[in-house]
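Below: one structure, written as structure tokens.
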Amino acid sequence: MSLAPANEIAVSRMPPVGVIAFARAPAGALTEDMVERAAAAVDQLERDASIERIVLTGTDDSFLVGVDLGFFSACLQAGDIDRVLRFTRRCRQLLGQVERGPKQSIAWARGPAYGGGLELALACDRIVAAPGAKFAFPETGVGIYPGMGGTQRLARRIGVGLAKWMIGAGAIVPAEQALEIGLIDAICADIDSAGAALAAGGAEPPALSPRFAALAQLFGEHSLTALLDPAFPQPVDPQLVRSLIQLRSKAPLAVRAADALIERGARLRLTEGLDLEYAGLAALFAGHDALAGVPAAPGTRVRFVGQ
53 MSLAPANEIA VSRMPPVGVI AFARAPAGAL TEDMVERAAA AVDQLERDAS IERIVLTGTD
113 DSFLVGVDLG FFSACLQAGD IDRVLRFTRR CRQLLGQVER GPKQSIAWAR GPAYGGGLEL
173 ALACDRIVAA PGAKFAFPET GVGIYPGMGG TQRLARRIGV GLAKWMIGAG AIVPAEQALE
233 IGLIDAICAD IDSAGAALAA GGAEPPALSP RFAALAQLFG EHSLTALLDP AFPQPVDPQL
293 VRSLIQLRSK APLAVRAADA LIERGARLRL TEGLDLEYAG LAALFAGHDA LAGVPAAPGT
353 RVRFVGQ
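In terms of this note's numbering, the sequence shown opens at residue 53 and continues consecutively.
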């Protein structure tokens, strides 16, 4: 199988499988050019009668760690929110193309699938991970929320409570835990064994461990607004306490917006939820928290004010 050279997207065919491989772009991020190349690659494979399944993956130990925050930062600092929205809309179209396409789509994450990378994976029919893969939505840590369908597709896959935990707290979930909560369908070291596992139907996800059952209950039974309040009764379980500490370090405006989108979206058709998610982005990107958080250097502690 030939994979992508640097800074490109490569398409390879091993009928009945077609592979779209994302190269490790700067910081493993999704760029405007990559979105257009990916859309063309998906269209190319969907038109190929010899292809039955489309695998989206990365090179080496990579997948996608989201969008290029440097691009977002430059746009926000220039006051060009419209360009951010156009890019997001184009990404949404790509994900819809993958989701509604006639061929089975499989995301094979061999490394971190964060932010927009995880949103792309969620648009696929199946998600397979290598043992070292990790999954996360870190957006609330920079003042925004997942805007390419993450608030809607994640809850439909793992339930409202765990979706609110992952997005609100920005939790990083290793492959083994992702399998347990139903985020992924299988863990496989290579794509051939992944194909065999999926062809066999895979195993049903195990019952949630007490840890994840407690997280699902806490975040499912309470709004994130309530959990943000320092006066919320302190849980006895230390891991729940840590999750609340994580949550309260994020941008409160983005957390509350994500909470409302997840809760409301669960009662809507997917298309309606996606439209609702997109409709809130302009105000969020224009707010103080996004303007402070998106340009901040990784690891920098940002003072969010909830505006």
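All residues carry an ideal CB built from backbone N, CA and C; glycine is no exception.
Every value quoted in this text rests on a predicted model; they were computed, and no experiment measured them.
(request) Report the rounded CA-to-CA distance for glycine 317 versus glycine 325, giving the unit in angstroms. (result) 5 Å
(request) May I have the straight-line CA-CA distance separating alanine 126 from proline 347, to the nearest angstrom? (result) 8 Å
(message) If you reduce the DSSP assignment to three classes, tell me which class alanine 62 lands in.
(response) strand
(request) Figure out for me which residue from Thr83, Lys155, Leu121 has the closest Cα to the Cα of glutamine 96. (result) Lys155
(message) Just list the residues that DSSP pairs leucine 82 with in beta bridges.
(response) Residue pairing of leucine 82 in beta bridges, as defined by DSSP: Val119.
(request) For valine 50, collect the residues of the same chain with a Cβ closer than 6 Å to its Cβ; drop the 5 residues on either side in sequence, then sort them by chain order. (result) This structure leaves residue 50 out entirely; the chain is present only between 53 and 359.
(message) Just to confirm the assignment, what range does the alpha helix (DSSP H) spanning glycine 220 have?
(response) 212-221
(message) Per DSSP, what are the beta-bridge partners of lysine 186 in this structure?
(response) The partner list for lysine 186 (beta bridge, DSSP) reads Pro226.
(request) Can you give me the start and stop residues for the alpha helix (DSSP H) that phenylalanine 284 sits inside? (result) That residue, phenylalanine 284, is in no alpha helix (DSSP H); it is neither H nor E in DSSP.
(request) Measure how close the beta-carbons of glutamate 178 and leucine 250 come, nearest whole angstrom, since I'm counting them as under 8 Å. (result) The residue asked about is misnamed: residue 178 is arginine in this sequence, not glutamate. Arginine 178 to leucine 250, Cβ: 6 Å. Contact.
(message) Would glycine 148 and phenylalanine 115 qualify as a contact pair, given that the criterion is a beta-carbon distance under 7 Å?
(response) no
(message) Restricting to Cα atoms, I'd like to know which of Glu98, Asp85, Leu137 is closest to isoleucine 196.
(response) Leu137
(request) Quick one: residues in its chain with C-beta nearer than 7 Å to the C-beta of alanine 268, no 5 flanking neighbours on either side, listed in chain order? (result) Gly211, Gly213, Leu214, Leu260
(message) Using a 10 Å radius around the Cβ and a threshold of 16 neighbouring Cβ atoms, would you call threonine 352 buried or exposed?
(response) Exposed is the label assigned to threonine 352, since fewer than 16 other Cβ atoms lie within 10 Å of its Cβ.
(request) Reducing DSSP to helix, strand and coil, say where glycine 201 ends up. (result) coil
(message) What does the alpha-carbon distance come out to for the pair leucine 82 and proline 262?
(response) 36 Å
(request) Please classify serine 301: does DSSP put it in a helix, a strand, or coil? (result) coil
(request) Confirm, please, whether the CB-CB distance from glutamate 232 to glycine 201 is below 7 Å. (result) no
(request) Mind reading off the beta-carbon distance from alanine 188 to alanine 223? Whole number of angstroms is fine, and I expect it under 8 Å. (result) 7 Å
(request) Rounded to whole angstroms, what's the CA-CA distance from alanine 181 to phenylalanine 264? Just pull it up for me. (result) Per the coordinates, the alpha-carbon of alanine 181 lies some 20 Å from the alpha-carbon of phenylalanine 264.
(message) Assuming valine 107 is part of the beta strand (DSSP E), what are its boundary residues?
(response) 105-110
(message) Checking the sheet assignment: what are the DSSP bridge partners for phenylalanine 74?
(response) Ile61, Gly110
(message) Which same chain residues end up closer than 8 Å to glycine 345 when comparing Cβ atoms and leaving out the 5 residues on each side of it in sequence?
(response) Within the same chain, and ignoring the five residues on either side of glycine 345 in sequence, the residues whose Cβ sits closer than 8 Å to its Cβ are Gly193, Val194, Gly195, Ile196, Ala303, Val354, Phe356.
(message) Let me make sure I understand the geometry here. Which of Val94, Glu273, Ala130 has the alpha-carbon closest to that of glycine 153?
(response) Val94
(request) Evaluate glutamine 204 with the Cβ neighbour count: other Cβ atoms within 10 Å of its Cβ, from every protein chain shown; 16 or more gives buried, anything less gives exposed. (result) buried
(request) Could you pull the start and end residues of the beta strand (DSSP E) that alanine 130 belongs to? (result) Counting along the chain, alanine 130 falls outside any beta strand (DSSP E), and DSSP gives it neither H nor E.
(request) Provide the residue span of the beta strand (DSSP E) that contains alanine 181, from first to last. (result) 178-181
(request) May I have the straight-line CA-CA distance separating serine 54 from glutamine 129, to the nearest angstrom? (result) Per-residue confidence for serine 54 stands at a pLDDT of 40, beneath the threshold of 50, marking its modelled position as unreliable; the derived number appears in the next sentence. Distance from the CA of serine 54 to the CA of glutamine 129, rounded to the nearest whole angstrom, comes to 39 Å.
(message) Rounded to the nearest angstrom, what separates phenylalanine 139 and serine 102 at their Cα positions?
(response) 32 Å
(request) For lysine 186, collect the residues of the same chain with a Cβ closer than 6 Å to its Cβ; drop the 5 residues on either side in sequence, then sort them by chain order. (result) Pro164, Ile224, Pro226
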